[in-house]
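Quick note on this note's numbering: the sequence shown kicks off at 2 and runs consecutively. Glycine included, each C-beta is placed from N, C-alpha and C at the ideal position. These numbers were taken from a predicted model, which means no experiment stands behind them.
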Amino acid sequence: MAATPRQGEAITTHDRSMVVTAGAGTGKTYVLVQKYIDLLKTRPVTVPQILALTFTDKAAAEMKERIRAEILRHEGPRWEKAAEDFMIAPVQTFHSFCAQVLREFPIEAGLEPGFVVLDEQQAGRIRNQAFDELIHSPQDGPVNEALVHVLSITDQTNLRKILSALYERRERYAQFFAALDADETQVLETWTREVSEFRDEEIAALRNDPSFSSCVRTLLGFASAYAGVDDKAAQFLGEIQPLLSRLSDPEDSGKFCSAALELERKRLGNIGSKKNWRGNDLAEFKSSRKSLNDILVQKISLFRMTVDPSDPVITGSIRFLHDLSFVFSRYLELVGTGKGSLGGLDFSDLILHARRLFLEQRDLVTTHFMPRFRYILVDEFQDTDLTQFDIILSIIGTPSPSTDCLFIVGDPKQSIYLFRDADVTRFKEAQEIITKACTGRKIDLDTSFRSTKEVIGLANFLFSRLLASAEKPWEFGYEPVRISGNRADHTGSVELLLPPKGSDAAGTKRNEAAMVARRIQSAIHSRPLTVYEEQPDHSFARRPARYGDIAILLEQRTNLPQYISALGEYGIPFYVHGGTGFYHRQEVYDLTNILSFLEYRHDNVSLAGILRSPYFGLPDTELFHIAQENGRTLWDKLGKYARRTGPGPATRARDLLASWQTYAGRTGLVSLLRRILSESGVYTVYAALPAGEQILANIEKLVAMARAREEAGNYSLADFTTDLRLAMEDDEREGEAHLDALAENAVNIMTVHAAKGLEFPIVFVPDMGMSFPNTTSPILIGDNPLMVGVKVPNPRENFEMTESPVFLALREQQKQKERAERKRLLYVALTRARDHLIMSGTMPEDSGLSYDLSRSRIEWIFTAFGVTGDAIATGGLDLELPDGTGSIRLSIVSDSDSIPAEIGRVEPELIIVPKECAGMCGSWQPPEYKVGKRRIRPVSVSELEKAETKIPEPHEKVASKYLPGVEGAKKGTIIHEVLRGRDAATVLREYGEYSEEHVRQCEEILSAFLNSDLMKRVKRSYCEVPFVVTVDGGPVTGKIDRLCEMEDGSWVVIDYKSETSADYAAVAEGYAFSIAVYVEAACQIIRGTVTAVVHFTELGMFWKR
């Protein structure tokens, strides 16, 4: 493939830094790969001297593979050396680069050399535990007072969200809290100045908005025309005329705000007599009044943006933020302690620590990194955040005309990760630095190799209007692209489906899903579309479309069930990429419920879910009868019901669950899962379902996840259930297990975010009539870190929670950023289409709003294309292309029945017997396998303990002094948790055993332990220390309850035992084997001698071995 002139210039220019903006399908990756190869060809550099960075593992792997393939195409010693060096080439993600830097210089970064990178679930569990400890454990005086005040204003759920938001941007909030503590007056002055400036700018923009100004002019015109007319609507106009005049006054923002607020509160009602109005004036008046009121409601927060230092909302915000700084500081300590106990960093820590290292250790950067990397190539630069940008700038040094090492590629129109804090404004900053400070070049790739002229023409027409403004830092203009010569003769299509509205919102969604399904079926069968398949020699072959050529791109997953139902109804095979989320699949819920119940048999909700699931299939009527039995828990009731009714589904459920309980905690997690899946017979049930293949693949994925974590070290049933629940609560995005065979000829359904970087011959973009969602964090921080907004009680409004003016300003700014990103998200969606693009959405009520005031994507479409009733009636309209090269036809379909389609089912594709096998027959025999060496599986100390421990049964039952009546295993867990420092009340609530007496007993156990002679001689101690040691040639995992360094420098292992006995010496001797394992593990950890003691909590005594 030959490069275009602009591509060629980007590839071969190496004497200056360069920024390349590459629209969808313009060959961005090709340019970056060829740039890398050309540097090796023409410059005296080697592979290790070129740092190539991107943002996802998938993108890094693709880039590395394509560069490797290009290197292998060249011959000679130099290229052989390049291929060898490329095995460990620095072509990686930002996170992996930062991890590599920190492992190379851990001491300089202030880190433990052997740190581990925590996955999202581990990090989330640590943050949850930190929050629980913050809330439920006593805190030091100032922190406790601050926490009490904060919780008097907001509840625990909201505080968790606030602390999560603070943590995600902890360095920026640290700047704010430091400034607030140092000079409160400066913060107030910043608030006053920036809120006032923002409000005035936005009011000026609103005055100039064509939709707003048109409504005001129309209403003022009617007020003059109907002055003095005896009509209630005309009288209403007379009342609001002064307010309308103030809205058109460009001089005074304060008067504008007061007039807008007063006008918004006035209600028109059903007034006005048509006989008193000329022609259609009354209807036009009411329409303009409604449109103006809708705009004022949409912008209502703008009119309340005034910072008054004496305002109780402002003073309340200041106090709340002062107290929040104490609370957050303590929260950070607790999170840090949790991460430190695992020796870990989360993903954000990698970036933050690397940035701090680069900024604070300038000599190290100058000595090690500037000479190491001669060129830096950054892909997808539009996804960079502020911290990553600082790292890049640190490596290149102070930008100057001699800086020729930086080459960045990206497309600001495809920046769609605002929710991950990606800051598209950095692209503008980078352009400024490269073109001005470095006197470099900016090149726009202007030729699309992906799409037909119809798809490109529609994108050029729409986005030259929708992205016309570039005034705000987060806005970028649109440069039209040209179609490549090899696609110029291909015929594509663009369509707009307008499904009818239903009787309610659900009916409207079903109508749209059905219309999309009908159009998909017709595109394959009754009115087949033609697609163009690229061949290895870059020529194209025409063929009829298949289901696998089609993608449905959803902006949100809200309506996914409707599309799945409609596709099934019309017999259309489909594959959901990511679907509703792996952790929200019913089969994952069911298996999680089983594991939760096996961990804690008093979990009534999980047990009810299990009994109704495919594992047992009990109907609700039988569950009702079970619930009527006597018993404390549903498990007790199930047992009584099974004994009373005899053999049947309930008895089977009781027997299987009881059997699995005996294995839970005694066998490995994967072994337990395999036993459950095998003995339940659920494989057979799922295999018979239409989506059975996907369900079984998801189950196997869950088992694989359990295996990976179990093999990584000590990982229990409780750990796995905790991780699964956390992933479900946090709506963690994990794609379903991929089925390549299923996706070969099935419609692909995915989100727009998931589709980024992909392309499909036929793309459907539905749900364009959905209103833009409004989601706001309970705390906001601006681009200026001194701008922080919150909600606090307002004593002037009966202590109702009220947004501060700063919060209102930041929320409005956030809305603008999100609106700009939605435009970019639409660009990404539409430009995934190669040959045919089909959009769909319900017809808007008001199609005349400006782009900035529109409430849905369909309103953008109607405004940009000028869609009218006549265009809909005639089935489409012609769009004149902005470059003057002609026009394209936008087909519009509003009648679903006009699309030929039939309801049906998916027929299986028959296997075609090869000619050479015709008439042949044979038999199948199962293969024979040789039994190889048994795979060594890590076992836990608990498993070995059960096999090796010989504890004599007491001849007489011994009453328990502490927590009597609590099940033995649960009792032991509760006491372990308390002894490691967790709040007793919190632990007891978690395990359903809370009472004031139980709290007192747990605190007595803890007090006796901490005040013992042994613990008084402890210098430092570590709780729940994980280990892996070798016993009898196999790995054994476990956790040491407490490892203590004494004042004399010796080390002691303490193992807690909570059982009761008449002969504790015999019990202690019975645990000799497991104690020996703990001692061996501790010796390896400290590389010294260790003694062991057993602490019997019933007696508060220690037994020394």
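Subject >> Run of the beta strand (DSSP E) containing Lys792, from where it starts to where it stops >> reply: Going by DSSP, Lys792 is part of the beta strand (DSSP E) stretching over Val789 to Asn795.
Subject >> C-alpha gap between His956 and Ala1063, whole angstroms >> reply: Residue confidence is low: His956 scores 40 on pLDDT, short of 50, so the model does not pin down where it sits. No coordinate-derived value is stated.
Original post:
For Val1091, which of helix, strand or coil comes out of DSSP?
Top reply: It is a strand residue.
Original post:
Quick one: what does DSSP say Ala423 is sitting in, helix, strand or coil?
Top reply: DSSP, reduced to helix, strand and coil, places Ala423 outside both helices and strands of the structure shown, so it counts as coil.
Original post:
Tell me which same chain residues have a C-beta within less than 6 Å of the C-beta of Val102, skipping the five on either side of it?
Top reply: Closer than 6 Å at Cβ, skipping near neighbours: Ala355.
Subject >> Element boundaries [beta strand (DSSP E), containing Leu759] >> reply: Premise fails: Leu759 is in no beta strand (DSSP E) and is neither H nor E.
Original post:
Can you name, in chain order, every residue of its own chain whose Cβ lies under 8 Å from the Cβ of Glu711, other than the five neighbours on each side?
Top reply: A distance below 8 Å between beta-carbons, with the five flanking residues on each side excluded, links Glu711 to the following residues of its chain, in chain order: Gly669, Leu670, Val671 and Pro939.
**OP:** Check each candidate in Ala3, Tyr995 and Thr1031 and name the one with the smallest Cα separation from Ser485.
**Re:** Ranking the options by Cα distance to Ser485, first place goes to Ala3.
Subject >> Bridge partner(s) assigned by DSSP for Arg825 >> reply: When beta bridges are read from the DSSP output, Arg825 appears opposite no residue.
Original post:
How far does the alpha helix (DSSP H) with Cys406 in it reach, from first residue to last?
Top reply: Where Cys406 is concerned, there is no enclosing alpha helix (DSSP H), because DSSP gives it neither an H nor an E.
Subject >> In chain order, each alpha helix (DSSP H) run of at least 4 residues that lies wholly inside the region 804 to 870 >> reply: Taken in chain order, the whole alpha helix (DSSP H) runs of length 4 or more contained in the region 804 to 870 are 806 to 831 and 858 to 866.
Original post:
Does the separation of the CB atoms of Ala1066 and Trp1104 fall below 8 Å?
Top reply: Going by beta carbons, Ala1066 and Trp1104 fall inside the 8 Å limit.
Original post:
Which class does Arg676 belong to by DSSP, given the choice of helix, strand or coil?
Top reply: Here Arg676 sits in helix by DSSP.
**OP:** Could you say which of Val46, Asp347 and Gly876 lies nearest to Arg375 if we only look at CA atoms?
**Re:** Selected option, being the one with the closest Cα: Val46.
Subject >> Residue range of the unbroken alpha helix (DSSP H) whose run includes Ala23 >> reply: In this chain, Ala23 is not harboured by any alpha helix (DSSP H); it is covered by the beta strand (DSSP E) spanning Met19 to Ala23.
**OP:** Any chance you could list the alpha helix (DSSP H) runs of at least 4 consecutive residues sitting entirely within the region 35 to 82, in chain order?
**Re:** Look at the region 35 to 82 and you find these whole runs of alpha helix (DSSP H), each 4 residues long or longer: 58 to 73.
Original post:
Could you give the distance in angstroms between the alpha-carbon of Val20 and the alpha-carbon of Leu353?
Top reply: Spanning the two alpha carbons is a distance of roughly 25 Å.
Subject >> Inter-stretch contact (C-beta, 8 Å, three-pair minimum) for the region 446 to 456 and the region 23 to 33 >> reply: Yes: at least three Cβ pairs fall under 8 Å.
Subject >> Segment contact, 8 Å Cβ cut-off, at least three pairs: the region 334 to 349 with the region 108 to 126 >> reply: Two segments are said to touch when three or more pairs of C-beta atoms, one from each, lie closer than 8 Å; by this definition the region 334 to 349 touches the region 108 to 126.
**OP:** May I ask you to report which of helix, strand or coil DSSP gives Thr974?
**Re:** Reduced to three states, the DSSP call for Thr974 is helix.
Original post:
Counting Cβ pairs closer than 8 Å, one from the region 280 to 295 and one from the region 210 to 217, do we hit at least three?
Top reply: Yes, they touch.
Original post:
Closest to Ile457 by CA distance: which of Phe477, Ser494, Asp879 and Thr436 is it?
Top reply: Closest option to Ile457, judged by alpha-carbon separation, among Phe477, Ser494, Asp879 and Thr436: Ser494.
Original post:
Given Thr1090, which residues of its chain have a CB within under 8 Å of its CB, disregarding the five upstream and five downstream residues?
Top reply: Counting only Cβ-Cβ distances below 8 Å, and skipping sequence neighbours, we find Ser1051, Trp1052 and Cys1084.
**OP:** Scan the region 181 to 209 and note each continuous alpha helix (DSSP H) run of 4 residues or more that stays entirely inside, going in chain order.
**Re:** Within the region 181 to 209, the complete alpha helix (DSSP H) runs of at least 4 residues are 185 to 209.
Subject >> Assigned exposure category for Leu561 - 16 Cβ within 10 Å defines buried >> reply: Leu561 is buried by the Cβ-count criterion.
**OP:** Please say whether Leu167 and Phe420 have beta carbons closer to each other than 8 Å?
**Re:** Going by C-beta atoms, Phe420 is not nearer than 8 Å to Leu167.
Subject >> Distance between Tyr684 and Arg935 (C-alpha atoms, nearest Å) >> reply: With a pLDDT of 48 at Arg935, under the threshold of 50, the modelled position of this residue cannot be trusted; read the value that follows with caution. Each residue's alpha carbon lies about 26 Å from the other.
Original post:
For Met516 versus Ile900, is the C-beta distance shorter than 8 Å?
Top reply: Yes, Cβ-Cβ distance for Met516 and Ile900 is below 8 Å.
Original post:
DSSP on Thr668, reduced to helix/strand/coil?
Top reply: The DSSP-derived three-state label of Thr668 is coil.
Original post:
Tell me, which residues are paired with Arg483 by DSSP?
Top reply: In DSSP, Arg483 forms a bridge with Thr448.
Subject >> Distance, Glu1099 Cα to Tyr995 Cα >> reply: Tyr995 and Glu1099: Cα-Cα distance of roughly 19 Å.
Subject >> Assigned exposure category for Gly933 - 16 Cβ within 10 Å defines buried >> reply: Reliability fails at Gly933, whose pLDDT of 46 lies under 50, so the model's placement of it is uncertain and no value is given.
Original post:
CA-CA distance, Ala1 and Ile301?
Top reply: Only positions 2 to 1106 of the chain appear in the structure, and residue 1 is not among them; the question remains open.
Original post:
Ordered along the chain, which non-local residues of its own chain (more than five positions away) have a Cβ less than 7 Å from that of Ala131?
Top reply: The beta carbon of Ala131 is closer than 7 Å to those of Tyr332, Leu335, Val336 and Gly339 in its chain, skipping five residues each way along the sequence.
Original post:
Taking C-beta to C-beta, are Ser471 and Phe477 nearer than 8 Å?
Top reply: Residue identity differs from the one stated: residue 471 is Ala in this sequence, not Ser. Yes, the Cβ-Cβ distance between Ala471 and Phe477 is below 8 Å.
Subject >> Short Cβ contact (8 Å threshold) for Gly993 with His603 >> reply: Yes, they are a contact pair.
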